[in-house]
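For reference, the structure discussed in these notes is given below.
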Amino acid sequence: MRKLIMLMVLLVLLVGCGISKGDMYVLTDMMIGADTPEDFIAALEDAQQDGTLETGGPIHTIFDEDIVKIIDTKDEWVLIEIIEGYDEGEQWWVSKGDLEQYAEKQ
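In the UniProt record's numbering, the protein residues as written are 1 to 106.
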(Lines of atoms letter the chains of each structure in order from A and count residues from 1; the text may use other names and numbers.)
(Lines give C-alpha, C1' and ligand atoms only; values in the text may rest on other atoms or scores of the structure.)
Protein backbone atom coordinates (compact mmCIF):
# COMPACT_ATOMS: atom_id res chain seq x y z
CA MET A 1 0.00 0.00 0.00
CA ARG A 2 2.82 2.39 0.86
CA LYS A 3 4.45 1.80 -2.55
CA LEU A 4 1.14 2.53 -4.26
CA ILE A 5 0.80 5.84 -2.43
CA MET A 6 4.37 6.82 -3.35
CA LEU A 7 3.70 5.91 -6.98
CA MET A 8 0.53 8.03 -7.00
CA VAL A 9 2.39 11.02 -5.52
CA LEU A 10 5.12 10.68 -8.15
CA LEU A 11 2.52 10.48 -10.92
CA VAL A 12 0.78 13.63 -9.68
CA LEU A 13 4.11 15.48 -9.60
CA LEU A 14 5.02 14.37 -13.12
CA VAL A 15 1.64 15.29 -14.55
CA GLY A 16 1.85 18.73 -12.92
CA CYS A 17 5.17 19.46 -14.62
CA GLY A 18 5.79 20.31 -18.22
CA ILE A 19 3.75 21.85 -20.98
CA SER A 20 0.33 20.44 -21.81
CA LYS A 21 -2.47 21.28 -24.23
CA GLY A 22 -4.82 23.83 -22.73
CA ASP A 23 -2.23 25.35 -20.38
CA MET A 24 -2.21 29.15 -20.19
CA TYR A 25 0.96 31.24 -19.94
CA VAL A 26 1.75 34.93 -19.60
CA LEU A 27 4.92 36.10 -21.31
CA THR A 28 7.54 37.74 -19.11
CA ASP A 29 9.62 38.84 -22.11
CA MET A 30 9.26 39.16 -25.86
CA MET A 31 9.47 35.92 -27.90
CA ILE A 32 9.64 34.93 -31.54
CA GLY A 33 7.07 32.63 -33.12
CA ALA A 34 6.70 31.22 -36.63
CA ASP A 35 4.06 29.83 -38.94
CA THR A 36 5.84 26.44 -38.84
CA PRO A 37 8.79 24.96 -36.92
CA GLU A 38 10.64 24.78 -40.25
CA ASP A 39 10.18 28.54 -40.76
CA PHE A 40 11.55 29.12 -37.25
CA ILE A 41 14.65 26.99 -37.92
CA ALA A 42 15.27 28.68 -41.29
CA ALA A 43 15.02 32.15 -39.70
CA LEU A 44 17.54 31.19 -37.01
CA GLU A 45 19.93 29.84 -39.64
CA ASP A 46 19.63 33.09 -41.62
CA ALA A 47 20.19 35.11 -38.43
CA GLN A 48 23.39 33.20 -37.70
CA GLN A 49 24.70 34.08 -41.16
CA ASP A 50 23.88 37.79 -41.28
CA GLY A 51 23.41 38.65 -37.59
CA THR A 52 19.79 39.81 -37.88
CA LEU A 53 16.46 38.12 -37.23
CA GLU A 54 13.84 39.64 -39.48
CA THR A 55 10.22 39.53 -38.40
CA GLY A 56 7.31 39.66 -40.81
CA GLY A 57 6.30 37.00 -43.28
CA PRO A 58 6.41 33.66 -41.44
CA ILE A 59 8.28 35.07 -38.38
CA HIS A 60 6.34 36.96 -35.70
CA THR A 61 7.05 38.88 -32.51
CA ILE A 62 5.05 37.86 -29.44
CA PHE A 63 5.11 40.61 -26.84
CA ASP A 64 5.69 40.41 -23.10
CA GLU A 65 2.52 40.30 -21.02
CA ASP A 66 0.62 38.58 -23.87
CA ILE A 67 -1.44 35.65 -22.60
CA VAL A 68 -1.11 32.49 -24.67
CA LYS A 69 -2.79 29.08 -24.65
CA ILE A 70 -1.11 25.81 -25.62
CA ILE A 71 -2.92 24.32 -28.63
CA ASP A 72 -0.54 21.48 -29.55
CA THR A 73 2.96 20.15 -28.93
CA LYS A 74 5.34 18.46 -31.36
CA ASP A 75 8.77 17.33 -30.20
CA GLU A 76 10.51 20.51 -28.98
CA TRP A 77 7.85 22.80 -30.44
CA VAL A 78 4.64 24.26 -29.02
CA LEU A 79 1.72 25.69 -31.00
CA ILE A 80 0.32 28.64 -29.08
CA GLU A 81 -2.69 30.88 -29.58
CA ILE A 82 -2.58 34.50 -28.46
CA ILE A 83 -5.55 34.75 -26.09
CA GLU A 84 -4.90 38.32 -24.99
CA GLY A 85 -2.47 40.68 -26.67
CA TYR A 86 -1.60 42.55 -29.85
CA ASP A 87 -2.13 39.62 -32.23
CA GLU A 88 -5.10 38.09 -30.42
CA GLY A 89 -6.39 34.94 -32.12
CA GLU A 90 -3.18 34.21 -34.05
CA GLN A 91 -1.51 30.80 -33.72
CA TRP A 92 2.24 30.32 -34.05
CA TRP A 93 4.89 27.74 -33.23
CA VAL A 94 7.46 28.56 -30.54
CA SER A 95 10.34 26.65 -29.00
CA LYS A 96 9.47 24.81 -25.78
CA GLY A 97 12.71 26.11 -24.29
CA ASP A 98 11.79 29.71 -25.11
CA LEU A 99 8.33 29.28 -23.62
CA GLU A 100 9.80 27.83 -20.42
CA GLN A 101 12.33 30.67 -20.23
CA TYR A 102 10.15 33.64 -21.19
CA ALA A 103 6.70 32.76 -19.81
CA GLU A 104 5.02 31.86 -16.54
CA LYS A 105 2.27 29.29 -16.27
CA GLN A 106 -1.08 30.68 -15.12
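Ideal placement from N, C-alpha and C gives every residue a C-beta, glycine not left out.
Could you check whether residue j and residue i sit closer than 9 Å to each other, using their CB atoms as the reference points?
i, j, result
"V26", "I67", "yes"
"Y86", "D29", "no"
"D39", "W77", "no"
"D75", "P37", "yes"
"K21", "T61", "no"
Under 8 Å by Cβ, that's how I've got residue i and residue j pegged, so tell me the actual separation to the nearest angstrom.
i, j, result
"L99", "I19", "7 Å"
"I71", "Q91", "6 Å"
"I80", "K69", "7 Å"
"A43", "L53", "6 Å"
"D50", "K105", "That belief does not hold up - the Cβ atoms of D50 and K105 are roughly 35 Å apart, past 8 Å."
For the alpha helix (DSSP H) that residue i lies in, which residues bound it at each end?
i, result
"K96", "96-102"
Quickly, what does DSSP pair residue i with across the bridge? List them, please.
i, result
"K21", "DSSP output for K21 lists no bridge partner at all."
4 or more residues per run - each alpha helix (DSSP H) lying fully within the region 25-102: Segments of the alpha helix (DSSP H) lying fully in the region 25-102: 37-50, 96-102.
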